[in-house]
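Trainee: Chains as they are written, first to last, in our numbering: chain A, 14 to 243; chain B, 14 to 243.
2 protein chains.
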Amino acid sequence: MKSLKVIAFDADDTLFINEPYFEETEKKFCGLMENYLSHQSLSQALFKHQIENLPLYGYGIKSYILSMIQTAIEVSDGTVSIKHIDKILELGKELLQKPIVLLEGVEQTLKALHSNYKLVVATKGDLKDQQRKLHDSGLGEYFHHIEVMADKKELNYNKLLKRLDIEPHEFFMIGNSLRSDVLPVLNIGGYACHVPFHTTWAHELIDHEIEHDNFYEIKKLNEIIPLLLP
Amino acid sequence: MKSLKVIAFDADDTLFINEPYFEETEKKFCGLMENYLSHQSLSQALFKHQIENLPLYGYGIKSYILSMIQTAIEVSDGTVSIKHIDKILELGKELLQKPIVLLEGVEQTLKALHSNYKLVVATKGDLKDQQRKLHDSGLGEYFHHIEVMADKKELNYNKLLKRLDIEPHEFFMIGNSLRSDVLPVLNIGGYACHVPFHTTWAHELIDHEIEHDNFYEIKKLNEIIPLLLP
């Protein structure tokens, strides 16, 4: 890995807490709608709409709010009250204002690495929301910039490398999703490191093990320091 | 302008039609809600919510859909029907799938310039939506990349220059909004060109003339070619 130039970090559940906030909101949404359907069936219906809406809405909280509204209308067969819709808008605005809680070892890691590499954030989601979170995190000074990606497939990573003007072997990606942060990066010839978070959105799960020369796995983010600063 | 390296183009109403689609959607929204309020008062209420929600939602169609829903609930004092909310979701999905109609001279201009400069798209709005539009426009091959910005203020342009690794005097921005595409770029020392579109969102208007050595004004995009390829 002597040729590395850019270290890219996923944001949500890699730098700071995210998925637990979505789970908390989903629980409130299911509570709101429990006269119509069980929590489990509601979650399934919401997930179905999220995935169906991905090509049109993309990732992020605004897409999630719109999918909650659509789900509420559909599972109630159009009988849900306007107060419920208003409450869903409110849940969405709450979710957009959650405090930023850094994960363990994050600041130590960025501090250690930022003089030796160009550090970037590579994340999906709403542009506005991700920039707000990074700003509120106080981590902005360590990063050259934040890259909000429409998706994290091979094509998107290739575009990212093109605009960074680097080759795959100069790129190292760190994140909590094997599906989004690791596999596509390995497939295009880059390096990738998995740092698991205790909870993962169903859409990000994969069903097989990864064996690859360019693949690393750590438990806490700061375990990457000795790998990158030998 | 001998030092120019990057020519940046606004997308909506500079490369392809946008604002007329929003106006068409707003007309349908006002028609849907005309039992509650006049078109004019509804438009005002919607604009108020859009501006209020900007810090939280940012720009783009998903923000617009959410603001329409909020407006419908508020102006009806919570008495609007669920069918109306469902219809608003549908209007939003329609708006996200409008055909891309290139403005006059766009392809000719990009073709002429792309061998001599790095061309980028610098636009606000939803990341997913803007990437979809650029893809569908068939213009992707001319651009080094697309830059979706959370806002178009001096701070955002300074960040853009930083990631492009260029100085302000190496940057030329072209767009239909004096407020977003021209003023902030001139203020940070770059070059800017105004190419007006026949209709402009109220939020983008300014109330004074611009006089500046680095400022250009043209009627059609292809009038920029002789300026940049002397």
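C-beta: ideal position from N, C-alpha, C; glycine also.
Run through DSSP, which three-state label would A:L132 get?
Mentor: Within the first sequence, residue 132 of chain A is the residue found at index 119, counting from 1. The three-state secondary structure of A:L132, taken from DSSP, is strand.
Trainee: Expressed to the nearest angstrom, what Euclidean distance is found between the alpha-carbon atoms of A:F35 and B:V161?
Mentor: Translated into the one-based positions of the first sequence, residue 35 of chain A becomes position 22. Translated into the one-based positions of the second sequence, residue 161 of chain B becomes position 148. The alpha-carbon atoms of A:F35 and B:V161 are separated by roughly 25 Å.
Trainee: Flag this pair as yes or no: are the beta carbons of B:L45 and B:K106 separated by less than 7 Å?
Mentor: Your numbering for residue 45 of chain B matches position 32 in the second sequence. Your numbering for residue 106 of chain B matches position 93 in the second sequence. It is not a contact, given that the beta carbons lie outside the stated cut-off.
Trainee: Could you pull out every residue in the same chain whose Cβ sits closer than 6 Å to the Cβ of B:G138, ignoring the five residues on either side in sequence?
Mentor: Your numbering for residue 138 of chain B matches position 125 in the second sequence. The answer, listed in chain order, is Y72, G73.
Trainee: Give me the subset of the stretch 59 to 70 of chain A whose CB atoms are less than 8 Å from a CB atom of chain B, sorted by chain position.
Mentor: L69, Y70
Trainee: Kindly say whether B:A163, judged by its beta-carbon, lies nearer than 7 Å to any beta-carbon of chain A.
Mentor: As a working note, residue 163 of chain B is residue 150 in the second sequence. Yes - at least one Cβ of chain A is within 7 Å of the one on B:A163.
Trainee: Out of A:C206, A:I95, A:L104, which has the shortest C-alpha to C-alpha gap to A:D226?
Mentor: Indexing the first sequence from 1 puts residue 226 of chain A at position 213. Considering only alpha carbons, the answer is A:C206.
Trainee: My output table needs one value for A:F185: the three-state DSSP class, helix, strand or coil.
Mentor: Indexing the first sequence from 1 puts residue 185 of chain A at position 172. Per DSSP, reduced to three states, the secondary structure at A:F185 is strand.
Trainee: Does the stretch 148 to 165 of chain A touch the stretch 117 to 127 of chain A, meaning 3 or more C-beta pairs lie closer than 8 Å?
Mentor: yes
Trainee: Beta-carbon separation of A:F184 and A:L196 under 7 Å?
Mentor: Position 171 of the first sequence, counting from 1, holds the residue named residue 184 of chain A. Position 183 of the first sequence, counting from 1, holds the residue named residue 196 of chain A. Against a cut-off of 7 Å, the Cβ pair of A:L196 and A:F184 comes out as no contact.
Trainee: Distance cutoff 7 Å, beta carbons only. Does A:R176 sit that close to anything in chain B?
Mentor: Locating residue 176 of chain A in the first sequence gives position 163, counting from the first residue. At least one chain B Cβ lies under 7 Å of A:R176.
Trainee: Out of curiosity, what's the CA-to-CA distance linking A:H62 and B:L240?
Mentor: As a working note, residue 62 of chain A is residue 49 in the first sequence. As a working note, residue 240 of chain B is residue 227 in the second sequence. In a straight line, the C-alpha of A:H62 is about 49 Å away from that of B:L240.
Trainee: Quick one: what does DSSP say B:Y49 is sitting in, helix, strand or coil?
Mentor: Position 36 of the second sequence holds residue 49 of chain B. B:Y49: coil per DSSP, three-state reduction.
Trainee: When the Cβ atoms of the stretch 54 to 70 of chain A are set against those of the stretch 49 to 65 of chain B, are three or more pairs found closer than 8 Å?
Mentor: The stretch 54 to 70 of chain A is not in contact with the stretch 49 to 65 of chain B.
Trainee: Between the C-alpha atoms of A:S190 and B:G118, what's the straight-line distance to the nearest angstrom?
Mentor: Here residue 190 of chain A refers to the residue found at position 177 when the first sequence is read from its first residue. Here residue 118 of chain B refers to the residue found at position 105 when the second sequence is read from its first residue. C-alpha of A:S190 to C-alpha of B:G118: approximately 44 Å in a straight line.
Trainee: Taking only beta-carbon atoms, is B:H216 less than 7 Å away from chain A?
Mentor: Taking the second sequence and counting its residues from 1, the one referred to as residue 216 of chain B is at position 203. At a cut-off of 7 Å between beta carbons, B:H216 makes no contact with chain A.
Trainee: Does any residue of chain A bring its CB to less than 7 Å from the CB of B:I179?
Mentor: By 1-based counting over the second sequence, the position of residue 179 of chain B is 166. False, the Cβ-Cβ gap to chain A never drops below 7 Å.
Trainee: Pull up the distance between the alpha-carbon of A:S89 and that of B:K96, whole angstroms please.
Mentor: By 1-based counting over the first sequence, the position of residue 89 of chain A is 76. By 1-based counting over the second sequence, the position of residue 96 of chain B is 83. Near 12 Å, if we compare the C-alpha coordinates of B:K96 and A:S89.
Trainee: Beta-carbon within less than 7 Å of A:D26's beta-carbon, same chain only, minus the 5 sequence neighbours each way: which residues are those?
Mentor: In the first sequence, residue 26 of chain A corresponds to position 13, counting from 1. Annotation for A:D26: E32, N189, F210 place their beta carbon closer than 7 Å to its own, counting only its chain and skipping 5 residues before and after.
Trainee: Indicate the three-state DSSP secondary structure (helix, strand or coil) for B:I30 in the structure shown.
Mentor: For the purposes of this step, residue 30 of chain B is taken as residue 17 along the second sequence, with counting starting at 1. Coil.
Trainee: In angstroms, rounded to a whole number, what distance separates the CA positions of B:P243 and B:M14?
Mentor: As a working note, residue 243 of chain B is residue 230 in the second sequence. As a working note, residue 14 of chain B is residue 1 in the second sequence. One C-alpha to the other measures close to 10 Å.
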